[in-house]
Each structure stands twice: as structure tokens, then as C-alpha cells.
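Everything below concerns the one structure shown next.
Protein chains: 2
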Amino acid sequence: MTRQPTIEDVARTAGVSKGLVSLALNGRPGVAQETRKRIDAAVAELGWRPSANARGLATKRAYSLGFIVRRDPITFQADPFFASFLAGVESVLAERDQVLVLSVVPDVEREFEAYRRLTSDRRVDGFLITDLLQDDPRVRLVADLGQRAVTLGRPDSESPFPAIVRDYDAGIDELLTHLAELGHRRVAHVAGDERMQHATTRLTRHLEVAARLGLQTIVEHTDFSPESGAAATHRLLDRSERPTAIVYANDPMAIAGIAVAHERGLTLPRDLSITGMDGSDTGRFVYPALTTLDNDPVGWGRAAATALLSYIENGDGDDVTLPAAALILRSSTAPPGSPG
Amino acid sequence: MTRQPTIEDVARTAGVSKGLVSLALNGRPGVAQETRKRIDAAVAELGWRPSANARGLATKRAYSLGFIVRRDPITFQADPFFASFLAGVESVLAERDQVLVLSVVPDVEREFEAYRRLTSDRRVDGFLITDLLQDDPRVRLVADLGQRAVTLGRPDSESPFPAIVRDYDAGIDELLTHLAELGHRRVAHVAGDERMQHATTRLTRHLEVAARLGLQTIVEHTDFSPESGAAATHRLLDRSERPTAIVYANDPMAIAGIAVAHERGLTLPRDLSITGMDGSDTGRFVYPALTTLDNDPVGWGRAAATALLSYIENGDGDDVTLPAAALILRSSTAPPGSPG
DNA sequence: GTTGTCTTTTGAACCGGTTTAAGAAAGTGC
DNA sequence: GCACTTTCTTAAACCGGTTCAAAAGACAAC
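Sequences listed follow chains A and B, in order. Following our numbering, the numbering of the first sequence begins with 9 at its first residue and continues without gaps. Following our numbering, the numbering of the second sequence begins with 9 at its first residue and continues without gaps.
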């Protein structure tokens, strides 16, 4: 374990000054071709890589992005979205020699603290903001801190940051059309946490499309947790006029809903059709396998990281639109009352 | 958004040299009480926080821990363990002004690259290593890189690093005793990926205890994914002599197993008792709610981060033993053939 | 008043990069 | 052969901390 080489070592083996090495490696003009080659050779020979600390100190950058996840212990339980999202983020960061700094915090206080700390310690050059709330205070906070960010989804309030957006409308269209074609007329929507932006946009769209298709909608509100999804399912199944199909705003709730239906002795999908949303693999392994709307979390990750980096580097950035969410048909939907 | 204050600013307002500020703030002896107070006041007034980059450059530290997760797209899907584990890690890092650098990578090559890159860029002071494999190559790699680490579990091969361990044996004891007392005699074990350390230790223990209790054990091997858990369940239920209870090496497989049982028209837990392991909340929301072995992932996170930091600071560290895993009784177990 | 000891503070060097003004070398024109 | 450009390279300053040898001050003893 010998000392790692520094730029000084590279300069020495290439027989030039360290300033020139820096110029050459950052692709600055005005370095002779031949010299550039000698420097590259020296770098390769020594296996030199710049110290992120030293470079960051000089350039006032962290070469890191921050991602703060509030793990409201009830709601959050290991949303399948995150692992894939992070893989997408990493794939672009690795290419650019950048890094992701992650904080998982239990409550809003700690969350705000984390934003402040990562900023004041100059740990990150920008933040990825997911799970937007109505009038999300994080947007204000991050803007006030003078930090950069991108948001997954477009905030309802004023935001100086680029937004990554995906069209869910078309998918919800497909989903409800599918149910309507199967013959369902009474379709419930188990909405997510009202404070979350995507919960309400999904509900709104459901209501619009249902109206257009002549479907009756019953709405239940939840906090996105499987627990509350289960409770909502009980309420729906206790009604005198039961829905014949239930659309859940995410997969974990839909899975909990399936369990409730089993518990109550229903045969799925004959007695009840169920769909998720924000599709994940998990839904493939429950019985019956869950019909859902795909959400390509890796795509979200790649897009968000790319947009944030270019926003940081150029000081401006445009919104990015991802391909529309598509319906994944599995086996949790069927005509109402169809033979088991 | 004015420039953030530097230590020089603090020195000026306190009327001392910047060297002294540094000494005072790092609690070095030989600074007059009165001066120390003036410096603290200046820090508070300006809201100064040290630049992690500058400090790291001077001390050759990153004040960051690295955590690399290989998201073998098949196996990994959002293991509920991670969110809680990370929350535990964060809780100790936040107190110490340190930070977690996370990489989620798709394959072993990228994984090794990530260890190398984080090391050569001096991004982290050490690594958290989870999901130990048999003769895990990461231990060698990290040691060869001259990095520090702690492992979750004790590697079977030579390791220079402190290990965090939890006794599962007692829990498996409890679990099997519970099944035996219910009257089960043929108990299957759906083991995890054989290459993973904890998969085989759990299996080994199961076999020992089952022998002691006079239980017959049928073993199926999997890769820990729900998909393979489902397949294993089918194989078990296709046998002429079916097991009356199945112990799965993790919760996601157990949940998939429940779905398979439903699909085949079994009534749970009457026709089949099912238990998980590595307990998570998810198991509460399936039907029937899953009996499992608790695993306090937050505790793992706190212990791992604490141990790694002190190993980094002191250059040596002892293994840490967590409280034994305990049985969580829910409703997926019952006497065999008991009335639904 | 001098000397010595102990405590407190300063100033400069250093960590490993980037940036820029100034210097050296090479090329051009006459 | 000399002056003038243009191209390439160096040296030094800088980023914001830490560290340490040496200076300064305070105090006691003689």
C-alpha cells in the first residue's frame, strides 16, 4: 500500500510542470500534441486519478449529488421504486466520476437538517427531489439554500428547477378502458397520500377518464402504505354496492388489497378485479399476478441524474419528458363475476 | 446567497489567527478558555461550518463511508432490509458530520469498479459490506486496496475487518420448536442462495435443530428471489409426501410461497404453515400475516456505522454482537390439518 | 532586573489540485 | 540577424482547512 500518486508525480514522470498536467487533462487548448501524449502515458503508467477533495477545493464543487429520503416509518417501507431508480442514477454518475450521497431520515425535521448540512458542508452540488408534495417546502428550502436540484414531477408551486415528467394520463386511460371493456361499471380508486402530488394527479385523471367512459367511481384516500391500502379495501368491500374492480395508486397497496380479498374469502379475479400502478416486479409474485402501470424507475434515475448534472454545469436546464407509462396486463383483472 | 464564511472569517471576527481557530475547534489543549469562548461565539455568529473538501484534503480523510449494493436485477428487488439499514447508518453519520456514498450497480464487474473508483478518488474512508458470499472476493479486494471495512456477518475466509454479527441460531430454534409444538413433523426449508453466507448458516442450523427435534426436513435451494421461492414451493407441493410447514430463508420468498399456495387452492394456514425469516413489515400485509424471525435492520445499520467509524479512527476494532433474532408470531402458522 | 518555565498564539508550510500572468521557445517577415 | 507574433510551458497564487516550530507573554524564582 504505497502512497497514491499525485499530480506532482505525473508531472515529474512526464517531465513537465504540474500546471501543465492539469491543463492537458482538462482538455484545455494550447498544450502541444506531443506533450499531451507524454502526460497521458504518465497518467496511465502511474494509474493516477485526481483526488476529489483537492479538485473540489480548487473548483468549489463537490462532484456529488445529494438524495435525501424521508423514511416516514409507516409509509415508506422499501418502495421497490428506489433500488432501480438509484441504479439508473449510478449509471450516469459512474461515467462522470461523480458520486451519490444518500441520507435516509425518519422525519421532516431531520430531513430539513440534512438538506442544510449537505449544503453548508459543501458536500453536494445539487439534490434529487422525489415524491413531490403539494406546495412542497423542499423546493423553497433548496432554492433558499442556493442549491441546485431537479424534481421528479413538476411541482404545483413556483419552482426554479428543471422537472422530469412522465405522462401517466395515457396509462390511466388504457387501464380504465381495459376495465370498461371487461364489463366493469363500478370502479374504485384507492388514492395515495393527498399531500403528494402524484397521488392527486392520478386521482384527477382517473375521475376524468371514468366520467368519459361512463364508469362510476368510488374514492378512498390513504397514505400509500399497504396498511392503509388494506383498510381502504375493507371499507370498499363493506359497502352495500361493492365495486367490481379496484384501482390502487401503487403496487404495495394493491398487494395488500389482494390479501384482504383473500382473507374475506373472495376468489380473484372472479369476484373482484384489482390493479396497481407505479409498477414493480413484486406484483409478479402474488396471486393473482398484478396488472399494473409500468414506471421504468431506471429511466427516471438516468434522466434525473443527467438533467441535474447539466443544470449544475450550465446553470440552466429544461424539463425532461419521459415516455408515457404503459399498461402491464397480468392476471388480476377479469370480467366481473366471471367463472373462477 | 453570499459567499459562505471560511475559517479565515471566523479568525478575523474572533481577533485571532486561523490556526488557532482550528486548534480550538478541534478541541486541542493549550487554547485559553477565554479565547475559546470568543472563537465559539464567532462561529455561532457567522454560522460557519468547515468545508468537508478542505478539511479532507488536509487530513487525508473523506469523512464518508461507502456502500455498494449489487442489484443483480433478479435477486435484489428492493429488499425491505435496506431502507431501514440505511436509516440506522444515517443516524450515526449525521451526528458525526459524515456522509454515506451509495452505489447501486448491476453486476460484479461494475461492483469491483465501484470499490476501486471510490478508493482511488479518495471518496470514502471505508466500506460497509453486506450480503456476504462464501469466500467473498470483496473482502480481499477491499483489503488489497488498503481500505477499511466492516462486514455484516463474519466471513468464512480470512478477514482483517471487524464483523457485526447476530445470533440467528436461537431464533431458528424458537421457530422450529414452535412448529414442532404445533404438531408438524415434515418441515421444508427453502434455502437462499448457496453462495451467500447467511443462506447456508441458516440452513445448517435448521438441519441441526430439526434433527434434535426429530423433524424430517426437505431442502430446496433458491437464489433468494420471490420467483425462485415460488418455484421451490411448487416443487415442494408436487411431492407425494408434502411438507406440512415451509420455512423460507427470507420474507419475500415466503410471500411468494403464500401466493403459490393460494393459487393451488390451499387454505392457509390450515393446509400449510409458512414462515419467513429476516423479518420485515411487508409480511404484516399479506394474508395470512407472516410469522417470521425479526431482524432489526436499523440496529444493524447503527452498529455497522459505529463500528466502521471507530475502526477508521483507531485503526483497530473488535467484532460486535447484536441481540439475538427473535420470533414474531403472526398468523401463517397453525397445527397441520387444523380446521380452516 | 535577569533568567527560566509554562502557557498561549502566530506564521508558515502543507494537503493536491486549478488558474493565470509572465516567460521561453519557435516561427514569420523583412 | 532582428523584431514581432504565436505557441507552448512554467511558476506562483489560490481554494480552506490542519499542523507544528518558533515567537510572544505571563509568571515565578533568584
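The beta carbon of each residue, even a glycine, is placed where N, CA and C say it ideally should be.
Residue from the options whose Cα sits closest to the Cα of residue i
| i | options | result |
| --- | --- | --- |
| residue 319/A | 158/A, 109/A, 339/A, 197/A | 158/A |
| residue 113/B | 92/A, 287/A, 188/A | 92/A |
| residue 344/A | 50/A, 63/A, 250/A | 250/A |
| residue 283/B | 339/B, 66/B, 225/B, 146/B | 339/B |
| residue 24/B | 220/B, 48/B, 268/B | 48/B |
| residue 328/A | 255/A, 169/A, 117/A | 169/A |
| residue 71/B | 75/A, 188/A, 130/A | 130/A |
| residue 325/B | 156/B, 58/B, 18/B | 156/B |
| residue 198/B | 270/B, 277/B, 162/B, 237/B | 237/B |
| residue 19/B | 286/B, 314/B, 242/B, 50/B | 50/B |
| residue 351/A | 68/B, 39/B, 17/B | Because chain A is modelled from 9 through 348, residue 351/A falls outside the range shown and cannot be assessed. |
| residue 181/A | 300/A, 11/A, 309/A | 300/A |
| residue 136/B | 225/B, 109/B, 204/B, 45/B | 109/B |
| residue 259/A | 232/A, 316/A, 252/A | 232/A |
| residue 132/B | 253/B, 145/B, 317/B | 317/B |
| residue 196/B | 253/B, 39/B, 207/B | 253/B |
| residue 116/B | 134/B, 77/B, 107/B, 242/B | 77/B |
| residue 56/B | 66/B, 41/B, 21/B | 21/B |
| residue 179/A | 16/A, 17/A, 337/A, 267/A | 337/A |
| residue 241/A | 293/B, 242/B, 241/B | 293/B |
| residue 54/A | 160/A, 314/A, 11/A | 11/A |
| residue 183/A | 16/A, 217/A, 314/A | 217/A |
Simplified DSSP state of residue i, which is helix, strand or coil
| i | result |
| --- | --- |
| residue 275/B | coil |
| residue 84/A | Confidence at residue 84/A is low in this model, with a pLDDT of 48, below 50, so the placement of that residue is unreliable and no value is reported for it. |
| residue 306/B | helix |
| residue 29/A | helix |
| residue 343/B | coil |
| residue 221/A | helix |
| residue 261/B | helix |
| residue 228/B | strand |
| residue 138/A | coil |
| residue 199/B | strand |
| residue 300/A | strand |
| residue 165/B | coil |
| residue 70/A | coil |
| residue 59/A | coil |
| residue 78/A | strand |
| residue 248/A | coil |
| residue 151/A | helix |
Cβ neighbour criterion (16 or more within 10 Å) applied to residue i
| i | result |
| --- | --- |
| residue 52/A | exposed |
| residue 165/A | exposed |
| residue 118/A | buried |
| residue 341/A | buried |
| residue 141/A | buried |
| residue 74/B | buried |
| residue 267/A | buried |
| residue 205/A | buried |
6 Å Cβ shell around residue i - same chain, five flanking residues per side excluded
| i | result |
| --- | --- |
| residue 89/A | 305 |
| residue 102/A | none |
| residue 6/B | The structure shown does not extend to residue 6/B, since chain B spans only 9 to 348, so no value can be given for it. |
| residue 262/A | 256, 282, 284, 298 |
heavy atom of the ligand NAP below 7 Å from residue i C-beta
| i | result |
| --- | --- |
| residue 95/B | What this structure holds is no ligand at all, so the ligand NAP is not there to describe. |
Cutoff 7 Å; reference residue i; Cβ partners in own chain excluding five residues on either side
| i | result |
| --- | --- |
| residue 229/B | 199, 202 |
| residue 39/B | 28, 31, 32 |
| residue 274/A | 280 |
| residue 105/A | 71 |
Same chain, Cβ closer than 8 Å to residue i, five either side skipped, listed in chain order
| i | result |
| --- | --- |
| residue 79/A | 112, 113, 114 |
| residue 207/A | 199, 200, 201, 232, 257 |
| residue 270/A | 276 |
Should the region 238 to 250 of chain A be called in touch with the region 211 to 221 of chain A, which here means at least 3 C-beta pairs below 8 Å? no
Is there contact between the region 115 to 127 of chain A and the region 141 to 155 of chain B, where contact requires at least three CB pairs shorter than 8 Å? no
Tell me, please, whether the region 304 to 314 of chain A touches the region 89 to 103 of chain A by the rule of three or more beta-carbon pairs shorter than 8 Å. yes
Can at least three beta-carbon pairs, one atom from the region 10 to 29 of chain B and one from the region 270 to 282 of chain A, be found at a separation below 8 Å? no
Three or more C-beta pairs closer than 8 Å, one from the region 174 to 182 of chain B and one from the region 329 to 338 of chain B: is that the case here? yes
Below 8 Å, how does it come out for the region 32 to 48 of chain A and the region 60 to 67 of chain A: are there three or more Cβ pairs, yes or no? no
Given 8 Å as the limit, is there contact between the region 264 to 279 of chain B and the region 307 to 314 of chain B, that is, 3 or more CB pairs closer than that? no
So, does the region 213 to 232 of chain B touch the region 185 to 194 of chain B, judging by three or more C-beta pairs under 8 Å? yes
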